[in-house]
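J.: No gaps in the numbering here: position 521 of the sequence shown is 521 in this note's numbering, and each next residue is one more. This is the structure I have questions about; it appears just below.
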Amino acid sequence: MEPVPGPSDGGGAALFSCLPALVPAAEETRSCTLLLPGLLALSAITGAYPPQNSHSHFPISPKYDMIPYYWDYLYGGNKMEENREVLETAEKEEVVSKNFIEQEIDKDLAEGVYDHVQTRFPPEPNGYLHIGHAKSIILNSGLAKEYGGKFNLRFDDTNPTKEKTEFVQSITEDVKWLGADFEDRLFFASNYFDTMYECAVKLIKKGKAFVCDLSADQIKEYRGDFTTPGKNSPYRDRSIEENLQLFENMKNGMYKDGEKVLRAKIDMASPNINMRDPVLYRVAHMTHHNTGDKWCIYPMYDFAHPIEDAVEHITHSICTLEFEDHRPLYDWVVRECEFENPPRQIEFAKMYLTNVVTGKRYIKKLVEDGIVDGWDDPRLVTIAALRRRGYTPESLRMFVDLVGVSKANSSVDYAMLEYCIREDLKLKRPRMMAVLDPVKLVIDNYPEGQTEMLSIPNNLENPEMGEREVPFSRELYIEREDFMENPPKKYFRLFPGNEVRLMGAYFVTCTGVEKDENGNVTVIHCTYDPETKSGSGFTGRKVKGTIHWVSVPTAGKVECRLYENIVDEEKGKLNADGTLNLNPNSKTVTTAYVEPKLMEAKAYDSFQFMRNGYYCVDLSLIHI
1 MEPVPGPSDG
11 GGAALFSCLP
21 ALVPAAEETR
31 SCTLLLPGLL
41 ALSAITGAYP
51 PQNSHSHFPI
61 SPKYDMIPYY
71 WDYLYGGNKM
81 EENREVLETA
91 EKEEVVSKNF
101 IEQEIDKDLA
111 EGVYDHVQTR
121 FPPEPNGYLH
131 IGHAKSIILN
141 SGLAKEYGGK
151 FNLRFDDTNP
161 TKEKTEFVQS
171 ITEDVKWLGA
181 DFEDRLFFAS
191 NYFDTMYECA
201 VKLIKKGKAF
211 VCDLSADQIK
221 EYRGDFTTPG
231 KNSPYRDRSI
241 EENLQLFENM
251 KNGMYKDGEK
261 VLRAKIDMAS
271 PNINMRDPVL
281 YRVAHMTHHN
291 TGDKWCIYPM
301 YDFAHPIEDA
311 VEHITHSICT
321 LEFEDHRPLY
331 DWVVRECEFE
341 NPPRQIEFAK
351 MYLTNVVTGK
361 RYIKKLVEDG
371 IVDGWDDPRL
381 VTIAALRRRG
391 YTPESLRMFV
401 DLVGVSKANS
411 SVDYAMLEYC
421 IREDLKLKRP
431 RMMAVLDPVK
441 LVIDNYPEGQ
451 TEMLSIPNNL
461 ENPEMGEREV
471 PFSRELYIER
481 EDFMENPPKK
491 YFRLFPGNEV
501 RLMGAYFVTC
511 TGVEKDENGN
521 VTVIHCTYDP
531 ETKSGSGFTG
541 RKVKGTIHWV
551 SVPTAGKVEC
561 RLYENIVDEE
571 KGKLNADGTL
581 NLNPNSKTVT
591 TAYVEPKLME
601 AKAYDSFQFM
611 RNGYYCVDLS
621 LIHI
């Protein structure tokens with residue numbers, strides 16, 4: 001089958017990641033991997049065509065028996081003009097009005113409700129953060145900065161059944177990486193367990209809470225539904241003295257898990273089901289990651305959260321829309337516990353990305369089942385995964401700004417996120433040469449054994465980035481898709497008898513090819529014109545095609561991981577039974593050759609590979 005024409009010579013955008021691999025001490029070389037979202041994803045996003053025979057492996061000379069580095073592909077994209085126009089227009093529009101949260105804060109300050117602004121980000125450490133959490137982090141920290149206030153990071157670690165120190169560490173790192181400055185204000189809800197217990201005792205003494213013996217199923221049954229009012233627990237009228245003793249017994253470990261709970265005494269006929277005597281404390285004999293075995297009773301989120309905010313003097317508790325129905329309970333807790341200047345809860349809409357997996361239970365299952373290689377697998381949209389894939393804090397902040405703050409839930413196309421990383425990187429990163437599907441090109445009239453250094457601009461759009469020296473020789477690697485024996489019309493790259501420019505080097509003309517026993521081209525033969533050297537001022541003739549290359553003697557060899565979306569975009573995210581509709585081709589591994597300068601890259605360094613995309617040095621250390 002004839003090769004399919006690829007992208008125009010002006011080509012697209014992609015991002016890579018590289019890191020030193022774990023190799024024996026005796027080896028002088030290092031190993032490297034290129035991680036890509038996938039060939040099909042590249043085609044869909046950029047309008048480019050994937051190279052043929054992507055899965056093939058190329059002969060490795062003894063000199064290159066180790067693969068130096070691991071690389072991550074961020075995205076492709078030189079097309080998306082419709083999205084670009086819309087987004088660039090949005091960026092240029094002057095914002096003259098504040099969002100509804102800012103308006104409410106302005107009102108509170110003007111009326112003297114608060115004399116300062118203090119916000120927080122309160123994740124539960126039961127998994128890694130994802131792109132939706134990034135919006136909350138950027139919003140809350142941004143509001144604090146805007147109003148000259150303070151921003152807290154607090155772990156809502158009230159449920160020891162799901163929480164791990166690993167998640168605490170990853171969340172802390174993610175928040176710092178996003179640039180949300182919490183200074184020395186890192187808190188744990190578990191540090192307030194004594195205060196929460198005292199608040200619970202206060203509610204009992206006020207006749208606002210009682211110990212209940214109903215099981216979880218019975219409580220649910222007694223609660224009623226949206227059309228039926230609930231009915232009182234038979235234990236609701238226990239005396240204050242009895243409740244105090246029973247609650248003390250709960251604290252002292254005298255009851256089994258689920259045997260007793262502490263409930264608020266509010267209104268079982270309330271139209272808001274959250275106000276129908278909600279559970280405040282439950283028995284749970286488990287070791288806590290922070291408090292150890294000190295406690296065997298733990299507060300429920302709806303009770304703990306407002307107390308945490310109040311203790312930290314949070315003014316505006318900014319949370320997502322699903323907590324709107326919980327706001328009356330939030331207000332009830334801080335009021336009945338008699339906190340001065342209690343915080344105010346304001347809700348905003350969550351951010352949903354099309355056809356991505358964000359739910360922690362889904363991600364956890366993907367990790368546990370070995371479908372992905374961890375919470376930071378580049379196919380996911382956890383903050384750790386996006387960072388590993390090469391996204392920058394600036395690109396995520398741009399994305400959040402473009403999405404905006406609203407009261408209505410909506411979905412955002414993943415293409416907008418990709419647009420933001422391209423916009424952030426296009427003037428910041430050097431454009432390097434890498435060949436992802438190589439075929440050898442031999443310049444027959446170039447001196448054997450000669451290597452010359454050519455000066456190539458690091459970024460044509462940003463001359464301030466300067467130039468670099470790239471070795472050039474008689475034998476080169478080029479992209480297989482840059483040659484066709486029988487090309488269609490308007491194919492301007494290499495074919496028998498045609499002349500093209502080797503990027504930053506010379507004009508070459510194809511004179512013939514070598515093939516294997518199956519008819520596959522293995523070597524392309526060319527001649528070059530020494531007078532056509534780039535930068536020489538040669539104007540004798542022009543060529544329509546320019547292709548990139550890598551010198552064979554000095555090329556670094558890398559492994560490429562090509563990624564597509566973890567779920568099948570055409571069929572949708574979920575199957576009929578609620579399971580994830582996984583894409584079997586979400587990860588493909590191939591190899592590539594890169595110019596030697598790239599072998600000096602460190603973890604998280606990113607580059608644009610000419611006509612292929614932006615790539616980022618992978619964080620993981622993998623020995624091949």
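Glycine included, every Cβ here is placed at the ideal spot set by N, Cα and C. Just so we're clear, the structure is a prediction, and the values are computed from it rather than from any experiment.
1) Using alpha carbons as the reference points, say which of Ser536, Ile371 and Glu173 lies closest to Ala134.
2) Identify the continuous alpha helix (DSSP H) that holds Val333 and give its terminal residues.
3) What are the start and end residues of each continuous beta strand (DSSP E) run of 3 or more residues lying completely inside the region 164 to 228, in chain order?
4) Please name the residue in Glu104, Lys150 and Asp302 whose C-alpha comes closest to that of Asp156.
5) My understanding is that Leu527 touches Ile443, with C-beta atoms under 8 Å, so please give their C-beta distance in whole angstroms.
6) Rounding to the nearest angstrom, what Cα-Cα distance links Lys350 and Glu163 in this structure?
7) Name the one or two DSSP bridge partners that Ser317 has.
8) If we count Cβ pairs, one from each stretch, closer than 8 Å, do we get three or more for the region 199 to 210 versus the region 326 to 337?
9) What's the gap between the Cα of Ala189 and the Cα of Leu580?
10) What does Gln608 pair with, by DSSP beta-bridge criteria?
11) Are the region 304 to 311 and the region 339 to 358 touching, with three or more C-beta to C-beta distances below 8 Å?
12) According to DSSP, simplified to helix, strand and coil, what is Asp369?
13) Can you tell me where the alpha helix (DSSP H) holding Leu153 begins and where it ends?
14) May I ask you to report which of helix, strand or coil DSSP gives Val23?
15) Starting from the Cα of Leu321, find the closest Cα among Lys220, Ser534 and Ser136 and give me that residue.
16) With a threshold of 7 Å on Cβ separation, who are the neighbours of Glu448 within its own chain once the five nearest residues in sequence on each side are excluded?
17) Distance check for Asn520 and Phe609, CA to CA, integer angstroms please.
18) Please say whether Tyr477 and Ser551 have beta carbons closer to each other than 9 Å?
19) Assign Leu454 to one of two classes, buried (16 or more other C-beta atoms within 10 Å of its C-beta) or exposed (fewer than that).
20) Which residue's Cα is closest to the Cα of Asn99: Val405, Ser395 and Thr382?
21) Once DSSP output is grouped into helix, strand and coil, what is the label at Gln52?
22) Following the continuous beta strand (DSSP E) through Ser455, name the residue where it begins and the one where it ends.
23) For Ser473, list the residues DSSP reports as bridge partners.
24) Can you tell me where the alpha helix (DSSP H) holding Pro299 begins and where it ends?
25) Quick check: what's the CA-CA separation for Ser606 versus Met398?
26) For His548, which three-state DSSP category applies?
27) Going along the chain, which residues of its own chain have a beta-carbon closer than 7 Å to the beta-carbon of Cys296, five neighbours each way excluded?
28) How is Thr590 classed by DSSP in three states: helix, strand or coil?
29) Apart from the five residues on each side of it in sequence, which residues of its chain come closer than 8 Å, Cβ to Cβ, to Pro438?
30) Which residue or residues does DSSP assign as beta-bridge partners of Val523?
31) Would you kindly work out how many angstroms separate the C-alpha atoms of Gly390 and Met433, rounded to a whole number?
T.: The short version:
1) Glu173
2) Arg327 to Glu336
3) 186 to 188 and 209 to 212
4) Relative to the Cα of Asp156, the nearest Cα in the group Glu104, Lys150 and Asp302 belongs to Asp302.
5) Note on residue identity: the sequence assigns Thr, not Leu, to residue 527. Rounded, the Cβ-Cβ distance is 7 Å, consistent with contact.
6) Just so you know, the alpha carbons of Lys350 and Glu163 end up roughly 23 Å apart.
7) Gln345
8) yes
9) Going by C-alpha positions, Ala189 is about 33 Å away from Leu580.
10) Arg431 and Tyr614
11) Segments in contact, yes.
12) Three-state DSSP puts Asp369 in coil, outside helix and strand.
13) Per DSSP, Leu153 belongs to no alpha helix (DSSP H); it is in the beta strand (DSSP E), Lys150 to Phe155.
14) Because the pLDDT at Val23 is just 25, under 50, the model does not fix this residue reliably, and the point stays unresolved.
15) Ser136
16) Arg474
17) 26 Å
18) For Ser551 and Tyr477, yes; Cβs fall inside 9 Å.
19) With 16 or more other Cβ atoms within 10 Å, it is buried.
20) Closest option to Asn99, Cα to Cα, is Val405.
21) With a pLDDT of only 32 at Gln52, under 50, the local geometry of the prediction cannot be trusted, and no value is derived from it.
22) Thr451 to Pro457
23) Thr451
24) That residue, Pro299, is in no alpha helix (DSSP H); its beta strand (DSSP E) goes Ile297 to Pro299.
25) 18 Å
26) coil
27) Around Cys296: Gly253, Val283, Ala284 and His285.
28) strand
29) Beyond the five residues adjoining it in sequence on each side, Pro438 comes within less than 8 Å, by CB distance, of Phe58, Tyr477, Ile478, Glu479, Arg480, Val550, Ala592 and Tyr593 in the same chain, given in chain order.
30) Lys440 and Glu514
31) 18 Å
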